[in-house]
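Line by line, the protein sequences give chains A and B.
Using the numbering used here, the first residue of the first sequence is number 31, and each one after it goes up by one.
Using the numbering used here, the first residue of the second sequence is number 31, and each one after it goes up by one.
Number of protein chains: 2
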Amino acid sequence: MAVNFTVFEEFKAVDGVRLGVAQSHVRYANRDDMVVVELAEGTSVAGVFTTNAFCAAPVQICKQHLAEAAPRYLLINTGNANAGTGKQGYANAVKTCELLAEKTALAAAQILPFSTGVIGEPLNMPAFERGIPAALENLSADNWARAAKGIMTTDTLPKGFSTQFDVHGQTVTITGISKGAGMIMPNMATMLGFIATDAGISPALLQSWCKELADCSFNRITIDGDTSTNDSCMLMATGRSGVQISDVASPDAELVFSKLKEAFQLLAQAIVRDGEGATKFVTIDVSGAASQKEALDVAYTVAHSPLVKTAMFASDANWGRILAAVGRSGVQNFDLDRVQIYVDDVQIVENGGRCDSYTEAAGAAVFARSEFSVRIELGRGDVREQLWTTDLSHDYVTINADYRS
Amino acid sequence: MAVNFTVFEEFKAVDGVRLGVAQSHVRYANRDDMVVVELAEGTSVAGVFTTNAFCAAPVQICKQHLAEAAPRYLLINTGNANAGTGKQGYANAVKTCELLAEKTALAAAQILPFSTGVIGEPLNMPAFERGIPAALENLSADNWARAAKGIMTTDTLPKGFSTQFDVHGQTVTITGISKGAGMIMPNMATMLGFIATDAGISPALLQSWCKELADCSFNRITIDGDTSTNDSCMLMATGRSGVQISDVASPDAELVFSKLKEAFQLLAQAIVRDGEGATKFVTIDVSGAASQKEALDVAYTVAHSPLVKTAMFASDANWGRILAAVGRSGVQNFDLDRVQIYVDDVQIVENGGRCDSYTEAAGAAVFARSEFSVRIELGRGDVREQLWTTDLSHDYVTINADYRS
Numbered sequence: 031m032a033v034n035f036t037v038f039e040e041f042k043a044v045d046g047v048r049l050g051v052a053q054s055h056v057r058y059a060n061r062d063d064m065v066v067v068e069l070a071e072g073t074s075v076a077g078v079f080t081t082n083a084f085c086a087a088p089v090q091i092c093k094q095h096l097a098e099a100a101p102r103y104l105l106i107n108t109g110n111a112n113a114g115t116g117k118q119g120y121a122n123a124v125k126t127c128e129l130l131a132e133k134t135a136l137a138a139a140q141i142l143p144f145s146t147g148v149i150g151e152p153l154n155m156p157a158f159e160r161g162i163p164a165a166l167e168n169l170s171a172d173n174w175a176r177a178a179k180g181i182m183t184t185d186t187l188p189k190g191f192s193t194q195f196d197v198h199g200q201t202v203t204i205t206g207i208s209k210g211a212g213m214i215m216p217n218m219a220t221m222l223g224f225i226a227t228d229a230g231i232s233p234a235l236l237q238s239w240c241k242e243l244a245d246c247s248f249n250r251i252t253i254d255g256d257t258s259t260n261d262s263c264m265l266m267a268t269g270r271s272g273v274q275i276s277d278v279a280s281p282d283a284e285l286v287f288s289k290l291k292e293a294f295q296l297l298a299q300a301i302v303r304d305g306e307g308a309t310k311f312v313t314i315d316v317s318g319a320a321s322q323k324e325a326l327d328v329a330y331t332v333a334h335s336p337l338v339k340t341a342m343f344a345s346d347a348n349w350g351r352i353l354a355a356v357g358r359s360g361v362q363n364f365d366l367d368r369v370q371i372y373v374d375d376v377q378i379v380e381n382g383g384r385c386d387s388y389t390e391a392a393g394a395a396v397f398a399r400s401e402f403s404v405r406i407e408l409g410r411g412d413v414r415e416q417l418w419t420t421d422l423s424h425d426y427v428t429i430n431a432d433y434r435s
Numbered sequence: 031m032a033v034n035f036t037v038f039e040e041f042k043a044v045d046g047v048r049l050g051v052a053q054s055h056v057r058y059a060n061r062d063d064m065v066v067v068e069l070a071e072g073t074s075v076a077g078v079f080t081t082n083a084f085c086a087a088p089v090q091i092c093k094q095h096l097a098e099a100a101p102r103y104l105l106i107n108t109g110n111a112n113a114g115t116g117k118q119g120y121a122n123a124v125k126t127c128e129l130l131a132e133k134t135a136l137a138a139a140q141i142l143p144f145s146t147g148v149i150g151e152p153l154n155m156p157a158f159e160r161g162i163p164a165a166l167e168n169l170s171a172d173n174w175a176r177a178a179k180g181i182m183t184t185d186t187l188p189k190g191f192s193t194q195f196d197v198h199g200q201t202v203t204i205t206g207i208s209k210g211a212g213m214i215m216p217n218m219a220t221m222l223g224f225i226a227t228d229a230g231i232s233p234a235l236l237q238s239w240c241k242e243l244a245d246c247s248f249n250r251i252t253i254d255g256d257t258s259t260n261d262s263c264m265l266m267a268t269g270r271s272g273v274q275i276s277d278v279a280s281p282d283a284e285l286v287f288s289k290l291k292e293a294f295q296l297l298a299q300a301i302v303r304d305g306e307g308a309t310k311f312v313t314i315d316v317s318g319a320a321s322q323k324e325a326l327d328v329a330y331t332v333a334h335s336p337l338v339k340t341a342m343f344a345s346d347a348n349w350g351r352i353l354a355a356v357g358r359s360g361v362q363n364f365d366l367d368r369v370q371i372y373v374d375d376v377q378i379v380e381n382g383g384r385c386d387s388y389t390e391a392a393g394a395a396v397f398a399r400s401e402f403s404v405r406i407e408l409g410r411g412d413v414r415e416q417l418w419t420t421d422l423s424h425d426y427v428t429i430n431a432d433y434r435s
């Protein structure tokens, strides 16, 4: 029941990147569940990872390997998160890297592992022995669409985006895939994102961009407020287009960054559109805050309120619930009289009370839309933050009461 | 669908307290929706109120009146919270106090107003003109049971408790009522609690006790994490039993406090048992924390996780979700290797990984109970905190998607 979701189909190959996909049977039979991403020598790789204190074994290893060596392969499995699995889980994750390193005559540190799926189950090692060679066999630059399906868990649809643009007569390509539908409040979620470009970007700049891009995309979505143990988002730059970004202040850098931002935001929003049980795609837009923390505290409190989310599901313009959520968000010395609340172009709250021009019918018409924004103006300062979220529906309960994710 | 809920029936009158109940039609016809509580002269009154920055007009006035004068009446309506109603809402709440003051030849400051119900609707003033005289007409010391019903909103059952005990040959009575089922994370919530005793307790001591008692009862329950704009909990001591508490360190003070604590906790837990859509009553018990904040952060993060709550609803011992919630609770320098997790007497997590003796069947047997505890030992210090919560069921969604509360 995804919201206004169009499956992306026109994937462009990124020179320097090949993908292999296999059925390894990590957890389920008869589905692609293992993806290997091969990166050409010289590719810059940057990543941001979950802030959950109990981050999964593959996340720990990923961070170490990224610091130690130039990555040449990503190894991704779905079906098992390899989180909460203790020392054995860590050893298993190391072993998966070693298996791929052996087959490719590389060091294990050049392999970055990613896992998503059930927490607390031992990793199925024979599946990796089976899946890795099978995935290597079908490595291809044109495998993005299949890879997008191969990393899905409770996702109902594969998520991808691809764009090409011109820089001084040279074509630059950006292609990415993502996954995630539940346990989604990435701070750096059970989301994974993999975005590649053939622009040339130094590892230091790429890391700085990756953080900045995640902070306006994957780190601004929430479905249930549950930050996963496995969230990872990787940005890869092969340099094969011939376009090299050296001056961060240049128009070229600005162009590439803006295109990457589009890719990050669309991939992040695709996760929300396919959120568990989602029937609404809602933008929470908080402005007039005194600080970023304040803006985000208000936005997340509204986005996580079960009462606000069930009202959205019901298409009930129950703005009292929004007001109550704003009021409990922890902002100090809050002056209600300065607060304005709009849904799309309809003002509901004016200076803290119900707007004179507001009618229940006007509010209900907006809440009935599958996609709308809730704009909250605090009147305290100049900071603005936006995030994207879903409603809380019967299907959310059904999915999470039935599925051992 | 309340969980292990027994409707309390043996209310004892509290000397010095009379209650009047009426059908005022604030919002709905044909139901008791207005309660007047008369307090004898000399009654000490203490209160704790919502910390929501946008507290309702009656809460603002209640705090002012409590500071200005000795309260003689509480005026309580259900059906309309008089919150988010601006200046008119404030004026209306003042007017309701004036109406009751006129009829009783008191000052308006001696009236404490309480409202609960829908947010953002103008208060129905003719209902007060109708309801106040009607409630005054049936003032009686034996009206607690009817009053408990008269303050209900989405509650399915009335909540009350009463106890009598002996202090040096004199009988002391404690009787209380509470309401609330949604928008419940009192920090001080849309809950109301009114507890009266005929012990004599000074206003200063009563206020200190009221805060302390709320912090181990109403401030330790959560249904949906939504702190209301109207939560209020009042403790009243008439002194009519002849038992006077003067020395807070005396055995008498200790006895009365412990009996009050029993009343507060049972009334608070009754709100959780009758939580919207609740099928489980779950104690979250966090020990080994380095600070109270840390213990509460972990406990509330687990209690609010939609993934943990839907697993409880499904009777699915999905402990990975508990572990992930603990990991995202914001505790700094968290060492997973020291974490132990138990459900009732079954240890699931031992030193951060799955306990060797744990079986899925043993976990599932506990999760299938209507009432169980999740105990999380952090291994960081000596602080322990407990709170009480519910699962997240289809009925929760149905109730909140259908009812304009």
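We treat Cβ as the ideally placed atom computed from N, Cα and C, and that holds for glycine.
- Rounded to the nearest angstrom, the Cβ distance from VAL65/B to THR205/B is 14 Å, too far for a contact under 8 Å.
- With fewer than 16 other beta carbons inside 10 angstroms of its own, ASN60/B counts as exposed.
- LYS133/A is a Cβ neighbour of LEU166/A, given a cutoff of 8 Å.
- Unbroken beta strand (DSSP E) runs of no fewer than 3 residues, entirely contained in the region 326 to 403 of chain A, are found at 370 to 373, 376 to 380, following chain order.
- Looking at the DSSP output, LEU49/A bridges to VAL67/A, SER170/A.
- Below the 9 Å Cβ cutoff, chain A contributes no neighbours of ASP245/B, its closest Cβ being approximately 17 Å away.
- Each residue's CA atom was taken as its position, placing GLY318/B and ILE162/A some 43 Å apart.
- Approximately 7 Å separates the beta-carbon atoms of LEU104/A and PHE224/A; this is inside 8 Å, confirming the contact.
- For ASP196/B, the CB contacts under 8 Å within the same chain, skipping 5 residues up- and downstream, are VAL202 in chain order.
- Contact check for VAL373/B against ALA333/B fails: the beta carbons are separated by 8 Å or more.
- Taking every protein chain shown into account, the CB of MET264/B has 16 or more other CB atoms within 10 angstroms, so this residue is buried.
- For PHE38/A, the CB contacts under 6 Å within the same chain, skipping 5 residues up- and downstream, are GLY190, PHE191 in chain order.
- When C-alpha distances from GLN416/A are compared across LEU290/A, VAL278/A, ARG250/A, ARG160/A, the shortest belongs to ARG250/A.
- Annotated three-state conformation of ALA97/B is helix, per DSSP.
- Taken in chain order, the complete alpha helix (DSSP H) segments of 4 or more residues contained in the region 258 to 313 of chain A are 281 to 303.
- Chain order gives the chain A residues near ARG384/B as GLY114, THR115, GLY116, GLY150, where near means a beta carbon separation below 8 Å.
- About 7 Å separates the beta carbon of LEU69/A from that of GLY46/A, a gap short enough to meet the 8 Å contact definition.
- About 6 Å separates the beta carbons of SER262/B and PHE144/B, which is inside the 8 Å limit, making them a contact pair.
- Taking 8 Å as the cut-off, the Cβ atoms of GLU306/A and THR184/A count as close.
- For ASN173/B, there are no C-beta contacts with chain A under 7 Å, since the nearest C-beta of that chain is about 30 Å from it.
- Taking a C-beta distance under 8 Å as the contact criterion, THR115/A and GLY147/A do not qualify as a contact pair.
- By a beta-carbon distance limit of 8 Å, VAL427/A contacts THR340/B. Their separation comes to about 6 Å.
- PHE397/B and ALA325/B have their alpha carbons spaced roughly 23 Å apart.
- Excluding its 5 nearest sequence neighbours in each direction, GLU390/A has C-beta neighbours in its own chain below 7 Å: ALA347, listed in chain order.
- The beta carbons of LEU96/B and VAL75/B sit about 7 Å from each other, so the pair counts as a contact at 8 Å.
- Rounded to the nearest angstrom, the gap between the Cα atoms of GLN200/B and GLY272/B is 7 Å.
- Counting along the chain, GLN118/B sits inside no beta strand (DSSP E); it lies in the alpha helix (DSSP H) bounded by residues 116 to 134.
- Nearest in C-alpha terms to GLU292/A, of all of ARG414/A, ASP412/A, GLU242/A, is GLU242/A.
- Annotated as proximal: THR309/A and PHE343/A, with beta-carbon spacing under 8 Å.
- About 6 Å separates the beta carbon of ILE406/B from that of VAL356/B, a gap short enough to meet the 8 Å contact definition.
- With a threshold of 16 other beta carbon atoms within 10 Å, GLY411/B falls short and is exposed.
- Under a criterion of Cβ atoms nearer than 7 Å, no residue of chain A is adjacent to LEU153/B; the nearest Cβ is some 13 Å distant.
- For THR428/B, the uninterrupted alpha helix (DSSP H) segment begins and ends at 424 to 432.
- For a cut-off of 8 Å, the C-beta gap from ALA135/B to ALA99/B is around 14 Å, too long to register as a contact.
- Among the residues facing chain B, ALA394/A is not included, as its CB has no counterpart in that chain under 8 Å away.
- Interface flag for ASN82/A against chain B is set, since a Cβ pair is found closer than 8 Å.
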